[in-house]
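One structure is given below, encoded as C-alpha cells.
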Amino acid sequence: MPLSTLSTLPWSWPAIFAALVVAALAATARRKDDDGNIPWATGAIPLLGHALAYKRDPASFITEQRKLVGDVFRLNLAGKRMIVIAGGAENVKAVAFASERRFSARAAVRDVGFGELLGERNVDAGTDFHARVLRRWRLDDAEIAHLAKALEAGLDAELTGGKEVPDLLAAIRGAVLRAVLARLIGGGILERGGADLVDAVVEFQDGVEEATAAAAVFPRWLALPLILWPAARRRRHLEKRIAAALEGGDGPRGPWATAFGERGLPAAIAAEFSVGLLFAAHKNPAIASFQALLFLHERRLPAALHACINTVDSFQEALVVARDPSASTLREAQQLCRVALEAIRLTAHTVGAVRLATEDCALPGNRVVKKGETVALSHIAFSRDEALWGPNAAKFSTAREAYAGPVAFDARGTADDIAYSAFSQGTHKCPGERVALVIVQTTLALLVARGVRPVKVPPLCFERATLAQRAAPVRAIVGVV
Numbered sequence: 000m001p002l003s004t005l006s007t008l009p010w011s012w013p014a015i016f017a018a019l020v021v022a023a024l025a026a027t028a029r030r031k032d033d034d035g036n037i038p039w040a041t042g043a044i045p046l047l048g049h050a051l052a053y054k055r056d057p058a059s060f061i062t063e064q065r066k067l068v069g070d071v072f073r074l075n076l077a078g079k080r081m082i083v084i085a086g087g088a089e090n091v092k093a094v095a096f097a098s099e100r101r102f103s104a105r106a107a108v109r110d111v112g113f114g115e116l117l118g119e120r121n122v123d124a125g126t127d128f129h130a131r132v133l134r135r136w137r138l139d140d141a142e143i144a145h146l147a148k149a150l151e152a153g154l155d156a157e158l159t160g161g162k163e164v165p166d167l168l169a170a171i172r173g174a175v176l177r178a179v180l181a182r183l184i185g186g187g188i189l190e191r192g193g194a195d196l197v198d199a200v201v202e203f204q205d206g207v208e209e210a211t212a213a214a215a216v217f218p219r220w221l222a223l224p225l226i227l228w229p230a231a232r233r234r235r236h237l238e239k240r241i242a243a244a245l246e247g248g249d250g251p252r253g254p255w256a257t258a259f260g261e262r263g264l265p266a267a268i269a270a271e272f273s274v275g276l277l278f279a280a281h282k283n284p285a286i287a288s289f290q291a292l293l294f295l296h297e298r299r300l301p302a303a304l305h306a307c308i309n310t311v312d313s314f315q316e317a318l319v320v321a322r323d324p325s326a327s328t329l330r331e332a333q334q335l336c337r338v339a340l341e342a343i344r345l346t347a348h349t350v351g352a353v354r355l356a357t358e359d360c361a362l363p364g365n366r367v368v369k370k371g372e373t374v375a376l377s378h379i380a381f382s383r384d385e386a387l388w389g390p391n392a393a394k395f396s397t398a399r400e401a402y403a404g405p406v407a408f409d410a411r412g413t414a415d416d417i418a419y420s421a422f423s424q425g426t427h428k429c430p431g432e433r434v435a436l437v438i439v440q441t442t443l444a445l446l447v448a449r450g451v452r453p454v455k456v457p458p459l460c461f462e463r464a465t466l467a468q469r470a471a472p473v474r475a476i477v478g479v480v
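For the sequence shown, counting from 1, position 303 maps to 302 in numbering that gives the first Met the number 0; every step adds exactly one.
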C-alpha cells in the first residue's frame, strides 16, 4: 500500500493494525484442510503470507513457484488469497474458456473494488459495450492514418519541454491518452475538457491502481469507508467533467461518441463508459510503446556487449514509417513490428485475467476450485515458459519462430493465445487487441523518428497491475537521428 494512501486514512494506525490482525486471524481460521488438491506456494510467513517474497520480484516469484510446486498453486498476498494458473494449456482453457456463470470476471473485479472504482455500469456492461463499438468500427487504412496523426499531435503536446524529458513514460502516456480522447471518443472532448483534462484522467487512473492495491490487504467492510468510497467520489467528479465536455461537442465524432449518440445515452452514462474506456485503452499501449523503445535501444549498445542483428534495421524502418504514418508503411516495417510484439510479450501481466468461481469447478489433474475462490492467470509465466518459447524465453529476441513469417502490424504472428497471452484468451479476451497493436507500433515509429533516446534504462518492474514498467523514471533526450 502506498504511503500516500495510508496518510489519508481516517482511522488511527493502532486501529487499522488491530483490524488487520483480526481479519487475518479470521481468514486463517476459515482455511480448510481440503485445498482441492491444489498446493500452496512455498515460503509463506504469518499474516503477510507470500506478500513480501512476491513484492521483491513478482514475475520471478511466480515462475519459480511453478518450478517448485507445479502449474497451479495457491497464493496468499497479505490475506488476499487466490489460485494462480502459471502453466498448462489445459488449465488455461478450463478457466478462460468457461462461461461467465462458472468463472465470473465481473464478480472478480467487483470483489477487488471495481464497482466503486470504475462504476457498477462499467463492471456489468462496459466490456460488452466497448466490444460492440470495436466490432462496428471499421479500422481501415484511412482510420489508421488519422489515428497516427492524432498520436503525432499528442507527442507534439507532450514533448514541448525542450530536448530533455524527465519521465519518458509519462510523456508517452499523455500522448496516447490525447489520441484516444481525440480519435476514439472525439466530438471535441479533448478541446472542451480543458487544459488539464489529460492530467485529471492520469491522476484518476493512478489513484485507482493505488486504491486497488490498498484495498486488497483490507477486508471489504474496512476497505469500503477507508479507500473505495473516497475513490468513488473522485470518479464521479471526473465523470461530471467528462459529461460536460461531451455535451454540445461539434468536432469529428469517433466511434465511441458516435455510439453514444446512436443509442441516445445521457451524458452521465456516456461519461461513465468513457471512464472505463480511458482506463482500459491508453496506459498499457503507452507502456508497451515505451518498453519497445527501451528494448530497441538496449540492443543497440556496442556489439561486444549485445548482438544487435535482430533490431539493427528497426530505426531506419521507423523513420520511413514516421514520414508517412499509414497502414501501408506500417506493413513494410516488419522488424519494427517484431520489436513491439516481443516487448509486449516480455512485459505481460504477472497476475492477469482474474475470475471468481460461482460454483465448485474441476480443473485438470483432479484439482477442484471451490465456490467463492479467486483464480488468476499469470500471463508472464507463459511468456517465460521455455516449452513454448525456447531456452531463452525470458530474453528479448525478435528472431523467434512465431515472428518468422510476414508479421502484420495489427496481429501477433503465429503464436496462439496460450503462448502469447498478453491480451488474455477465451471468453473475456481483450477485444481491443488490434487497435492496441496499431497504437503501439505507430507510437514506437514516431518516437524513433523524433530521436527519442533513453539516458539510462533501469530494470523491469512488475509491481503495478499493468504491463511491466521500469524500476525508476526514465530520463530521455529528444534529438535528431
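Heads up, the beta-carbon is just placed ideally off N, CA and C, and yes, glycines get one too.
The structure presented is a predicted model; accordingly, all values stated were derived computationally and were not measured.
Take Leu466, set aside five residues on each side of it, and the residues of its chain with a beta-carbon closer than 8 Å to its own are Asn283, Ile286, Ala287, Gln290, Ile343, Thr346, Ala347, His348, Ala421, in chain order. Secondary structure note for Leu466: it is in no alpha helix (DSSP H), with a DSSP letter that is neither H nor E.
For the 8 Å CB-CB criterion, Ala266 and Val132 do not form a contact. The C-beta distance from Thr426 to Glu99 rounds to 6 Å, short enough to meet the 8 Å contact threshold.
Taking C-beta separations shorter than 6 Å and ignoring five residues to either side along the sequence, the partners of Val179 in its chain run Ala280, His281, following chain order. Annotation note: the region 325 to 357 contains the following uninterrupted beta strand (DSSP E) runs of length 3 or greater, listed N- to C-terminal: 353 to 356.
By the neighbour-count definition (other C-beta atoms within 10 Å, threshold 16), Gly125 is a buried residue. Residue state for Gly48 is assigned as strand, using DSSP reduced to three classes.
Within the region 169 to 200, complete beta strand (DSSP E) segments of at least 3 residues are not found at all.
Using a 10 angstroms sphere on the CB of Leu67, the tally of other CB atoms stays under 16, which defines it as exposed. Of the other Cβ atoms in all chains shown, fewer than 16 fall within 10 Å of the Cβ of Asn36; this residue is therefore exposed. Cβ atoms of Gly250 and Arg182 stay farther apart than 8 Å, at about 11 Å.
Of the residues Arg452, Phe272, Pro324, Phe294, the one whose Cα lies closest to the Cα of Leu459 is Phe294.
A direct Cα-Cα distance of roughly 15 Å separates Asp110 from Leu76. Scanning Val108, Asp155, Phe272 for the CA closest to the CA of Arg219 turns up Val108.
No Cβ-Cβ contact shorter than 8 Å links Ala392 with Glu400. Taken through DSSP and simplified to helix, strand or coil, Ser288 comes out as helix.
Across the set Ser325, Gly112, Leu51, Trp255, the C-alpha of Gly112 shows the shortest separation from the C-alpha of Arg234.
Cα atoms of Ala40 and Glu151: separation of roughly 46 Å, rounded to the nearest angstrom. Counting only the Cα atoms, Phe272 lies some 27 Å from Val94. Taking the Cα positions, Trp255 is about 20 Å away from Val439.
When Pro38, Leu117, Asp123 are compared, the shortest CA-CA separation from Asp205 is found for Leu117. For the set Gly371, Thr441, Gly431, the Cα lying nearest the Cα of Ala104 is the one of Gly371. For Ala215, there is no enclosing alpha helix (DSSP H), as DSSP gives it neither H nor E.
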